[in-house]
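Protein chains: 2
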Amino acid sequence: MKKNYLLTPGPTPLPPQVCEALGRPIIHHRTPQFQALLKEASEGLKYVYQTKQDVFILASSGTGVMEAAAVNLLSPQDTVITVQGGKFGERWTEICSAYGINTEIINVEWGKAVEPKAIKERLKANPKIKAVFTTLCETSTGVASDIKAIGEVVKDTEAVLVVDAISGLGAIDLQTDAWFCDVVICGSQKGLMLPPGLGFISVSSKAWELIENSKCPKYYFDLKEAKKALDKTDTPFTPAITLIIALCEALKMMKQDGLANIFLRHRKMAEATRKAVKALGLELFAPTAASDVVTAVCVPKDLDGEKLVKVMRDTYAVTIAGGQSELKGKVFRIAHMGFIEEFDIIAGISCLEKVLSQMGYDFVLGAGVKAAEEEFLKNT
Amino acid sequence: MKKNYLLTPGPTPLPPQVCEALGRPIIHHRTPQFQALLKEASEGLKYVYQTKQDVFILASSGTGVMEAAAVNLLSPQDTVITVQGGKFGERWTEICSAYGINTEIINVEWGKAVEPKAIKERLKANPKIKAVFTTLCETSTGVASDIKAIGEVVKDTEAVLVVDAISGLGAIDLQTDAWFCDVVICGSQKGLMLPPGLGFISVSSKAWELIENSKCPKYYFDLKEAKKALDKTDTPFTPAITLIIALCEALKMMKQDGLANIFLRHRKMAEATRKAVKALGLELFAPTAASDVVTAVCVPKDLDGEKLVKVMRDTYAVTIAGGQSELKGKVFRIAHMGFIEEFDIIAGISCLEKVLSQMGYDFVLGAGVKAAEEEFLKNT
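Protein chains in written order, with the numbering used here: chain A, 87 to 466; chain B, 87 to 466.
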């Protein structure tokens, strides 16, 4: 008998209410019955996004909505800033390049957060920049950006601020309207506690002006068509019906809990995780800019980081994530996001201790769990 | 108490095995556990596609994979043929136009099938044509095209044959390899008995040659990246995990039944539906080219077709589809596809009789059901 614990930064575990909704008999999408649910989902997303703007629901994974942001806002030969401090920042550059959009890349050392003033200077140096592409939480490094400060920098320029909040929305604070975020994109499989397959995108009035003049080719991801449809509580193409119905359930849970409580829960879990790994003598990969979403931990010298993740998963059914791209084998990542709570973290740390011990790593057994318990007790 | 009957051409009803799979706790996608399922799904799709080629699974609805076909095969200024005999044929033209691809449109009267020789003549007249975009079953009219004959026409030219088999694959015969179909696209919510949210696309070696030279911009739908990933039993971006796991269940059922039995079941249901509506004095919209997937029926003069559909759905919970675009209010459509069988059709016809009777339409009550029963009895 194996009981699975999922501590990965997407997908995150599914609440039973979501599983139940996913398993219901399906209904047709061009019906008043589905329209009522689509309306409920769209309104619920505004709560999580902290916005009064429309939030569109597309049938795609997160990368699809990233592409939607770029191709709807821009034209070939436009120039934009992309902030690259990890694998997902790099993806902005790749998408823009695929469409002939020029990118001024702000490279940030992996594990550090971008300095808002670096963006300010670059915008000042080139007033033709049309958009700034950022990442709320860089899943590959666990780093959170100061989107509020970046919003202050971008709002008085001609450029729009685009935030990849795929990891982070519904887990840590992101005030779409108050922080002047023009386009915020998200996916279903992280803070929103759903399977992957839905993408979300909000659009400010400043962004709509750019969209009106965009010349990048698009069809499936055309937001003008999405807007026309949403105005009639409809979708331009067949929506991912079951996922939208499950989204209504997840949003109900989130409203009931309240954003403030949700953010607090994530902060407590993140702090407990950080304290725990430090108590085991491990180092945080991003000590100065760690997010409350996922914690990247350096693999100690002489330890096989990939094997650690593999044994935890395949022998003990506790799934954490390894490193991606240049961090492969160098870090492991423990997610504390979505439908994960205190005792999942305790279980994850305990399994980490077990495997570290079996791999001959020198530490005091129980020290990690104890540190997490202390933190959880303190914050109650 | 209302019990729902879904007789719409996508989504189609979900088998209990699929519902069960959708409601399972989720697993992470970068694991050997998920890889085994992805492999099973990809192999199973080859069976349904009747192909030895790779079939890629994308997280999008059908229109997304249609776009994937166009942007991967072609470059701006290329010229292609699009066959337009309904709403979905028109979609091929719209997608190509969005990417600056020239379309030579073969207009076919709605309700008729394209003549393969019309394609032959057009290909002969312009040897620069790179692709022929067709539709296996035009959901808006219920018409099936003779893809086998079209394949014979296209195979000896430079052009590739692209088939939108979103409605039809896994319901009626489509021999991807034997009929020289270079690119066949499909969606999850029709013959494959799943919720919407997955798109499928097969690619022949002739099509790969075009893909190598394609200059249309793309990122999320880039098939070269999908191929690189699939060769390692992986996906370039986060896949729609639960839908792929449910796909494995649907494919198991289809293999167990066998394609020949599946096609026979669809033929019987279609024939019974056609006989039933004729026995009610109604006319088929496409008498000469009716598919075994969905039957479009003309709304009799003096009858409100939209009301008919609405009352069946909202009063009696039997959902059929109305007409789309220029056929709005002029036809209604009864699907007999996917997880629908004999007694669902009987229920659907019975409800149709009930509402027709209540709306004052003149016919012999029971005549439709009797005609369907006769047909089912005959073909047993």
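All residues carry an ideal CB built from backbone N, CA and C; glycine is no exception. Computed from a predicted model, the values in this text were never measured in an experiment.
Shown here for Ala375(B): same chain residues with a beta carbon closer than 7 Å to its own, the five before and five after excluded, namely Lys198, Ala199, Val229 and Ala230 in chain order. When secondary structure is reduced to three states using DSSP, Phe120(A) falls in the helix class. Close to His114(A), with beta-carbon spacing below 7 Å, are these residues of chain B in chain order: Leu92, Thr94, Pro97 and Thr405. Annotated as proximal: Lys173(A) and Ser226(A), with beta-carbon spacing under 8 Å. The C-beta of Thr227(A) comes no closer than 8 Å to any C-beta of chain B.
Around the C-beta of Met87(B), fewer than 16 other C-beta atoms lie within 10 Å, and the residue is accordingly described as exposed. For Gln170(A), the enclosing beta strand (DSSP E) has its first and last residue at Thr165 to Gln170. Nearest to Leu368(A) by C-alpha distance, out of Lys206(A), Gly391(A), Leu296(A) and Gly96(A), is Gly391(A). At a Cβ-Cβ threshold of 8 Å, Leu337(A) and Gly150(A) do not count as neighbours. Boundaries of the alpha helix (DSSP H) harbouring Val363(B): Leu345 to Ala365, taken from the DSSP string.
A Cβ-Cβ contact shorter than 8 Å links Ile330(A) with Leu123(A).
If only uninterrupted alpha helix (DSSP H) runs of at least 4 residues are considered, those enclosed by the segment 380-464 of chain A are 391-400, 428-444 and 453-464. Around Arg399(A), the beta-carbon contacts reaching into chain B at under 7 Å are Thr117. In this structure, DSSP gives Leu247(B) an extended state, which the three-state scheme calls strand. For Gly273(A), the CB contacts under 8 Å within the same chain, skipping 5 residues up- and downstream, are Gly96, Ser147, Gly148, Val151, Ile252, Pro282, Leu284, Gly285 and Phe286 in chain order. Excluding the 5 residues flanking it on each side, Glu335(B) has same chain C-beta neighbours closer than 8 Å at Pro101, Gln103, Val104, Glu106 and Ala107, in chain order. Here DSSP, grouped into helix, strand and coil, assigns Ile271(B) to strand.
Within the segment 292-307 of chain A, the residues whose Cβ lies closer than 9 Å to some Cβ of chain B are Cys302, Pro303, Lys304, Tyr305, Tyr306 and Phe307, listed in chain order. For Ile252(A), the three-state secondary structure derived from DSSP is coil.
When the beta-carbon positions are compared, Gln119(A) and Ser288(A) stay at least 8 Å from each other. By the Cβ-count criterion, Gly446(A) is exposed, with fewer than 16 other Cβ atoms from all chains shown falling within 10 Å of its own Cβ. A residue is called buried when at least 16 other Cβ atoms come within 10 angstroms of its Cβ; Thr401(A) does not meet this threshold and is exposed. Identification of chain B residues near Ile191(A) by a Cβ-Cβ cut-off of 7 Å yields none; the smallest Cβ-Cβ distance measures about 17 Å.
Listed in chain order, the alpha helix (DSSP H) runs fully inside the segment 89-142 of chain B are 102-108 and 118-135, counting runs of at least 4 residues.
Comparing alpha carbon positions, the residue from Leu296(A), Thr94(A) and Ile112(A) closest to Phe425(B) is Ile112(A).
Within the segment 196-232 of chain A, the complete alpha helix (DSSP H) segments at least 4 residues long are 202-211, listed from N- to C-terminus. Between Ala184(B) and Lys304(A) a beta carbon distance of about 7 Å is seen, short of the 8 Å cut, so the two are scored as contacting. The C-beta distance from Lys361(B) to Ala457(B) rounds to 4 Å, short enough to meet the 8 Å contact threshold.
Using beta-carbon distances, Pro281(B) counts as an interface residue toward chain A, with a partner under 8 Å. Not a single C-beta of chain B is nearer than 8 Å to the C-beta of Cys334(A). With the rule of 3 Cβ pairs closer than 8 Å, the segment 214-224 of chain B counts as touching the segment 152-168 of chain B.
Contact between Leu278(B) and Leu333(B) is confirmed by a C-beta separation of about 7 Å, below the 8 Å threshold. Membership of Phe174(B) in the alpha helix (DSSP H) is indicated by the continuous run Lys173 to Ala184. When C-beta atoms of the segment 377-388 of chain B are compared with those of the segment 348-358 of chain B, three or more pairs fall below 8 Å, so the two segments count as touching. For the options Lys414(A), Arg399(A) and Lys354(A), the alpha carbon positioned closest to that of Val383(A) is the one of Lys414(A).
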